[in-house]
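Notes follow once the structure below has been shown.
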Amino acid sequence: MDERVEKDRIRPAKLADAIAAHLESLILEGSLRPGDRLLAERDLAHKLDVSRPSLREALDLLEQRGLLHSGRGGTYVSRLLGEGFSAPLLDMLEKNEHSSTYDYLEFRGAVEGTAAYFAALRASETDREMVHAHFIAMEAAHADTATDIASDPGREADADSAFHLSIYEASHNLMMLHVMGGLSDVLHRDVLYNRGKLYTRKGVRALLLEQHRAVHDAIMSGDAEAARAAAEAHVAFTKAALHEIDKSDSRLEKSLRRIVFNSPDDGSMPENMQLAVADADLPRDRN
Amino acid sequence: MLLSEPPVLGTNAPNNRLDEANLNVPLAGLLKSHPETAFDYLEFRFITAGMSAQMAAERASEKERARITQAYQDLVVAPESADPKVQHDSDREFHLSIYAASHNAVMEHVMRNIFVMLHQDVFYDRERFHARAGVRELLLRQHKAIYDAVMAREPERARRAAENHILYIRDTLQESRLAEQRAEVARRRTGRASLVQMTDLEG
Numbered sequence: 001m002d003e004r005v006e007k008d009r010i011r012p013a014k015l016a017d018a019i020a021a022h023l024e025s026l027i028l029e030g031s032l033r034p035g036d037r038l039l040a041e042r043d044l045a046h047k048l049d050v051s052r053p054s055l056r057e058a059l060d061l062l063e064q065r066g067l068l069h070s071g072r073g074g075t076y077v078s079r080l081l082g083e084g085f086s087a088p089l090l091d092m093l094e095k096n097e098h099s100s101t102y103d104y105l106e107f108r109g110a111v112e113g114t115a116a117y118f119a120a121l122r123a124s125e126t127d128r129e130m131v132h133a134h135f136i137a138m139e140a141a142h143a144d145t146a147t148d149i150a151s152d153p154g155r156e157a158d159a160d161s162a163f164h165l166s167i168y169e170a171s172h173n174l175m176m177l178h179v180m181g182g183l184s185d186v187l188h189r190d191v192l193y194n195r196g197k198l199y200t201r202k203g204v205r206a207l208l209l210e211q212h213r214a215v216h217d218a219i220m221s222g223d224a225e226a227a228r229a230a231a232e233a234h235v236a237f238t239k240a241a242l243h244e245i246d247k248s249d250s251r252l253e254k255s256l257r258r259i260v261f262n263s264p265d266d267g268s269m270p271e272n273m274q275l276a277v278a279d280a281d282l283p284r285d286r287n
Numbered sequence: 001m002l003l004s005e006p007p008v009l010g011t012n013a014p015n016n017r018l019d020e021a022n023l024n025v026p027l028a029g030l031l032k033s034h035p036e037t038a039f040d041y042l043e044f045r046f047i048t049a050g051m052s053a054q055m056a057a058e059r060a061s062e063k064e065r066a067r068i069t070q071a072y073q074d075l076v077v078a079p080e081s082a083d084p085k086v087q088h089d090s091d092r093e094f095h096l097s098i099y100a101a102s103h104n105a106v107m108e109h110v111m112r113n114i115f116v117m118l119h120q121d122v123f124y125d126r127e128r129f130h131a132r133a134g135v136r137e138l139l140l141r142q143h144k145a146i147y148d149a150v151m152a153r154e155p156e157r158a159r160r161a162a163e164n165h166i167l168y169i170r171d172t173l174q175e176s177r178l179a180e181q182r183a184e185v186a187r188r189r190t191g192r193a194s195l196v197q198m199t200d201l202e203g
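In order, the protein sequences belong to chains Z and X. Number 58 in this note's numbering belongs to position 58 of the first sequence; there are no gaps in the numbering. Number 58 in this note's numbering belongs to position 58 of the second sequence; there are no gaps in the numbering.
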C-alpha cells in the first residue's frame, strides 16, 4: 500500500530538467548536429521562453553528459561517438589505407542499401523535400565544377555527404544516422576526396551523379527495393572505381567503361548497369 | 583468449580493454534515456549480423574458425555458471569472434563499440531479458544454427541464421515491453483504493 501511495505523488518537473530533455531529444533525432554552435545564452533563453538561470543549469547538465561542450565563442553540440570511436579509425586508415577504404565501402554498401530501403518506405513529405534539395545542391555543385565556374570538387564531395546524410535521416533509424554519420565524419571526405581523388576525375563525377539520381528517384517514388538496389550499386561502383584508381591512373577511363558497361561502349547507358556494377568482382586488397 | 588472431588491420585494442575504452560515449547515455531506440539498434544489427555471418562463412581462416569454436563451446557451458557476467561475456565473445572472422576491420570496430553499449544495458536490461521463460534455450538454439552454418561454410544459411537470431530478440523484446506495461496497469488497478473514499468502494 505504501509503495503504491508513493507512486501516486505528482511532482512538477524542474524547468531545467525539462529544457535539458528537450535539447537532448533534438540532439538524438538529429535536429541539432554535432559541431552546431548554439545561440548565445540570452537569445536561446528568449527563444525557448525560459529564464537564463534555468537554461544555464540545463546546459551544464548536458555538458556533464558529454552532449554539449563550451568552445571558442559559445556552446557546441559534441560528437556523439567520442575519441574512442574515431581515433582507431583514423589510425586504421593511416596504416592500411587501401584495405580500410574497401572495408569502409563494403560495410557502407550493406547499411546504406537498407537505409535507402527504409527511406523509400518511411520518408515523410518533409524528408522527401530534404533529400530532393540535397540532390539539387549536388547537381548544382556538379555543374559548376564541370564548367569551371567555381572549380572546387571538394564542394561536390561535401554535397555528396550531405545527400547521404539526408537519406539516413529519412530512414528514421537513429542508430544508423548516428553511427554512419559518425563514420562518415571521420572517413567520407578523406576516402572520396583527399585519398581517392575520386571527385577530381571528370568521368567518375558524372557517373556518380547518375547513381545518386537513381537513388533519389527511387526514394522519391517510394520504391524501396529499387532504392536498395540503387544505393548498393552506387557504393559498389565507388569501391570498384577506387580500386581502379589504385591500380592504374592512366588506364582509368578504359577500365571504368569495362566495369560499368561490361560491354563495348556504344555511348548508351544500358538498363542493367547497376547489376553489372554490383557483380564486379574485386580482388580483396588485404595484407 | 588463447586462440585469438593477431589483431586485424591495426585494431589493436585487446578484448579486455574494450570496456574502459568507451565508457564515455555520449551516444550511450542518449540512447539509454530513450528506450524506443532499442529497435533502431536491432534493425541496424540485423544488417551487420547477417553480413558478418555470411562473410565469416566465406572468409574465416583456420585460426578464426578455432576461435569461433572455442567461443561457441564456452557459450554452451556458460548457463552452468551462476554468474550472469560469464553468460554475457561468452555471448559477446561468440559474436565478436564472428565479426573478426568477417575480415572487415571497419565493421568490427563499429560493432565492438556497439557491444560496449549493449553490455552497459543501454538498449535493454539483458538480465531481465534472459530471465524470461524459454529465452535462454531458444537463444542457444539460434547460436548453434549460426555456428553450424559458419563452420559448414554455408554463407546464405549463416546469414539467415544470424538474421533470425536478431528477429527473435526484436519480437521477444517487443513482447516483454508490452508485458511490463500491462503489469504496470494491473498494479495501478490494485492501488485504486489509495485514491478513493473507502466507503464508496463497498458498493
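By construction, the Cβ of each residue, glycine as well, lies at the ideal position given by its N, Cα and C atoms. Nothing here was measured: the structure is a model prediction, and the numbers come from that model.
(Q) Ignoring anything shorter than 4 residues, give me the alpha helix (DSSP H) runs that lie fully in the segment 13 to 86 of chain Z, in order along the chain. (A) 15 to 29, 41 to 48 and 52 to 64
Q. Using a beta-carbon distance below 7 Å, is residue 263/Z in contact with chain X?
A. Interpretation of residue 263/Z is limited by its pLDDT of 48, a score under 50 that renders its predicted location unreliable; no figure is taken from the coordinates.
Q.
For residue 55/X and residue 102/X, I'd like the C-alpha separation in whole angstroms.
A. 5 Å
Q: Could you list which residues in chain Z have their beta carbon closer than 9 Å to that of residue 115/X, in chain order?
A: By Cβ distance, chain Z contributes nothing, its closest Cβ being about 13 Å from residue 115/X, past 9 Å.
**Q.** Closer than 8 Å at the beta carbon, the chain Z residues around residue 104/X
**A.** 103, 106 and 107
Q | Simplified DSSP state of residue 50/X, which is helix, strand or coil | A | Here residue 50/X sits in helix by DSSP.
Q) What in chain Z is Cβ-close to residue 44/X, meaning under 8 Å? A) Within 8 Å Cβ-Cβ: 111, 173, 175, 176 and 179.
(Q) Spatial neighbours of residue 184/X within its chain, please: C-beta separation below 7 Å, excluding the five flanking residues on both sides. (A) none
Q: Take residue 32/X and list the residues in its own chain whose beta-carbon comes closer than 7 Å to its own, dropping the five residues that flank it on each side.
A: 122
Q: Below 7 Å CB to CB, which residues in the same chain sit around residue 20/Z once its five sequence neighbours on both sides are set aside?
A: 58, 61 and 62
Q.
Here's a check: name, in chain order, each residue in its chain whose Cβ is nearer than 7 Å to the Cβ of residue 250/Z, leaving out the five neighbours to either side.
A. Because the pLDDT of residue 250/Z is 47, which lies under 50, any placement of that residue in the model is unreliable, and the number read from its coordinates should be weighed accordingly. Nothing meets the Cβ criterion.
Q) Taking Cβ-Cβ distances shorter than 7 Å, what residues in chain Z pair up with residue 27/X? A) 80, 81 and 178
Q | Assigned exposure category for residue 69/Z - 16 Cβ within 10 Å defines buried | A | exposed
Q.
On a Cα-Cα basis, can you pick out the residue from 25/X, 147/X, 186/X and 82/X that is closest to residue 64/X?
A. Nearest Cα to residue 64/X within the set 25/X, 147/X, 186/X and 82/X: 147/X.
(Q) Counting only C-beta atoms, is residue 96/X closer than 7 Å to chain Z at any point? (A) no
Q. Residue 40/X CB to nearest chain Z CB: under 7 Å?
A. yes
(Q) Using a Cβ-Cβ cutoff of 7 Å, what residues of the segment 114 to 136 of chain X are near chain Z? List them in chain order. (A) none
Q. Which residues mark the beginning and the end of the alpha helix (DSSP H) in which residue 97/X is found?
A. 84 to 101
Q: Could you tell me whether the Cβ of residue 205/X comes closer than 7 Å to any Cβ of chain Z?
A: As displayed, chain X neither begins before 1 nor continues past 203, which places residue 205/X out of reach and without an answer.
(Q) Looking only at its chain, what residues have a beta carbon closer than 6 Å to the beta carbon of residue 241/Z, apart from the 5 residues adjacent to it on each side? (A) 204
Q: Provide the residue span of the alpha helix (DSSP H) that contains residue 107/Z, from first to last.
A: 97 to 122
(Q) Contact defined as beta carbons within less than 8 Å: I believe residue 98/Z pairs with residue 246/Z. What is the distance between those atoms, to the nearest angstrom? (A) 6 Å
(Q) Within a Cβ cutoff of 8 Å, which residues of the same chain sit near residue 173/X, ignoring the five residues on either side of it in sequence? (A) Closer than 8 Å at the Cβ level, and outside the excluded window around residue 173/X, lie 38, 39, 42, 124 and 129.
Q) Is residue 223/Z helix, strand or coil when you go by DSSP? A) coil
(Q) Residues of the segment 43 to 70 of chain X in Cβ contact with chain Z at a cutoff of 9 Å, in chain order, please. (A) 43, 44, 45, 46, 47, 48, 50, 51, 55 and 59
Q. Whose Cβ in chain X lies nearer than 8 Å to the Cβ of residue 71/Z?
A. Those within 8 Å of residue 71/Z in chain X number zero; the least Cβ separation is about 15 Å.
(Q) Any beta carbon of chain X sitting closer than 7 Å to that of residue 250/Z? (A) Annotation note: pLDDT 47 at residue 250/Z (below 50); position unreliable, no value reported.
Q.
Let's test the definition: count the other Cβ atoms within 10 Å of the Cβ of residue 45/X and tell me whether it reaches 16, buried, or not, exposed.
A. buried
(Q) At a CB distance below 7 Å, what residues from the segment 46 to 70 of chain Z approach chain X? Give them in sequence order. (A) 65, 66 and 67
Q | Reduced DSSP secondary structure (H/G/I, E/B, other) of residue 10/Z | A | coil
Q. According to the Cβ coordinates, are residue 171/Z and residue 115/Z closer than 7 Å?
A. yes
Q: Compare the C-alpha of residue 164/X against each of 98/X, 117/X and 139/X and name the closest.
A: For residue 164/X, the closest C-alpha among the options 98/X, 117/X and 139/X is that of 139/X.
Q.
Using the three-state DSSP reduction, which class does residue 172/Z fall into: helix, strand or coil?
A. Residue state, collapsed to three classes: coil.
(Q) Alpha carbons only, please: which of 98/X, 200/X, 90/X and 78/X is nearest the one belonging to residue 62/X? (A) Out of 98/X, 200/X, 90/X and 78/X, 98/X has the C-alpha closest to the C-alpha of residue 62/X.
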